[in-house]
Amino acid sequence: MSVVSITNIKVLNNPTLFKEEYRFEITFECISNLSDDLEWKIIYVGSSESDQYDQVLDSIMVGPVPMGINQFIFQAPAPNPDRIPPNEILDVTVIIITCSYKDQEFVRVGYYVNNEYSEEELRENPPSIVVLDKLYRNILADKPRVTRRPIKW
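Quick note on our numbering: the sequence shown kicks off at 1447 and runs consecutively.
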């Protein structure tokens, strides 16, 4: 049984420009006091072909964590487009929020992200080089994929 359970994750800026920071409001419940911090990460999946393009956008330590309901806003910068294969910037990818305790990951929440142009003309005839200033992202916030792992608390 997990000592920490995520009860809600709210995407605060969605949809928005590709180059804007990510902002999540995370609410979780802790059923006993934790002496060590929880490590939270936001990971952008840059390619469906290889994890070498994954980018940890930010990592924070939260704690010590008291028993009860806790909440915080987790902000992270947009991914570096230079580290994403050019043919994979447009279309669908994934953003992942993970949480670990004592270097043991116990939960992973993934969201599909659709990167596309807001202008119909650019969607129908995309330029050969991605125009980042006109690229929008839309996180499918209502359909997260949650993976839980048992750990030693």
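The C-beta atom is built at its ideal place from N, Cα and C for all residues, glycine as well.
Fair warning: this is a prediction, and the values are worked out from it, not measured in the lab.
With respect to the 8 Å criterion, Glu1467 and Ala1524 are classified as neighbours on the basis of their beta carbons. Looking at the DSSP output, Ser1494 shares a beta bridge with no other residue. The Cβ atoms of Ile1585 and Val1559 lie closer than 8 Å to each other. A residue is called buried when at least 16 other Cβ atoms come within 10 angstroms of its Cβ; Leu1480 meets this threshold and is buried. Fully contained in the stretch 1484-1530 are the following beta strand (DSSP E) runs of length 3 or more, in chain order: 1484-1491, 1501-1508 and 1514-1522. Looking at the DSSP output, Phe1552 bridges to nothing.
Of the residues assessed, Leu1578 falls on the exposed side of the cut-off, its CB having fewer than 16 other CB atoms within 10 angstroms. For Asn1561, the three-state secondary structure derived from DSSP is strand. Collapsing the DSSP output to three states places Asn1584 in a strand. In the DSSP annotation of this structure, the continuous segment of the beta strand (DSSP E) that includes Arg1469 starts and ends at Tyr1468 to Cys1476. Here DSSP, grouped into helix, strand and coil, assigns Leu1463 to strand. Proximity to Glu1471 across Asn1460, Val1540, Glu1495 and Val1491 peaks at Asn1460, based on C-alpha coordinates.
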